[in-house]
């Protein structure tokens, strides 16, 4: 176990950067817990997660705005989700660029959907930067302060290996049911 933690701590910043390009929630919480355990630095963790998350969204925005032909097949499969992004933009305005960081499934779609509109690039960069900083600090600091609880939970789960798969199935099943309910609600409006 200690060898695994040392290996993750050694390459943790690289893994955090790569994982945060696309979302990074789990990597950020993991790095924050390792920061609590003095295996990584919390400030550096937050900075790396913010920058990677910011760059990932900029890359998605760029692809959708300037490389439309390359990703048009992707858009065809997700018309309904892109319509949802446009509804959210109308309802929440630029704040959706901050809120979406916390909503699974919208992380990648919002930059793509926003790029298809006439939304100014400078404004996107501004709100995306704010959102990336708020996201990394809020999730990272929570992970850090919950570090002891998460470490004890992990140790307990390692003693009972059958509980973790059940928990994951229940977690993803509940998330799927919730997202289905929310999706139907949005479809009715």
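In the UniProt record's numbering, the protein residues as written are 1 to 189.
C-beta atoms are modelled at their ideal positions from N, C-alpha and C, and glycine is treated no differently.
Worksheet item: Going by other Cβ atoms of all chains shown within 10 Å of its Cβ, with 16 needed for buried, is residue 124 buried or exposed?
Response: Result: buried.
Discussion item. Is the beta carbon of residue 174 closer than 8 Å to that of residue 29?
Written reply: Going by C-beta atoms, residue 29 is not nearer than 8 Å to residue 174.
Worksheet item: So, helix, strand or coil for residue 253, using DSSP?
Response: Beyond the ends of the chain as shown, which are 1 and 189, falls residue 253; an answer cannot be given.
Worksheet item: Closest by CA to residue 107, which one among 3, 21, 151, 13?
Response: Ranking the options by Cα distance to residue 107, first place goes to 21.
Practice prompt. Leaving out five residues on either side along the sequence, give the residues of the same chain with a beta carbon under 7 Å from the beta carbon of residue 54.
Written response: Excluding its 5 nearest sequence neighbours in each direction, residue 54 has C-beta neighbours in its own chain below 7 Å: 128, 129, 132, listed in chain order.
Worksheet item: So is residue 72 buried or exposed if we call it buried at 16+ other beta carbons inside 10 Å?
Response: Counting Cβ neighbours within 10 Å, residue 72 comes out exposed, since fewer than 16 surround it.
Fill in: First through last residue of the alpha helix (DSSP H) which encompasses residue 32
Taken as a continuous stretch (DSSP letters only), the alpha helix (DSSP H) holding residue 32 covers 25-36.
Worksheet entry | Same chain only: Cβ atoms within 6 Å of residue 135, ignoring 5 sequence neighbours per side | Correct list, in chain order: 101.
Item to complete: Answer yes or no: do residue 105 and residue 85 have a C-beta to C-beta separation smaller than 8 Å?
Response: It is not a contact, given that the beta carbons lie outside the stated cut-off.
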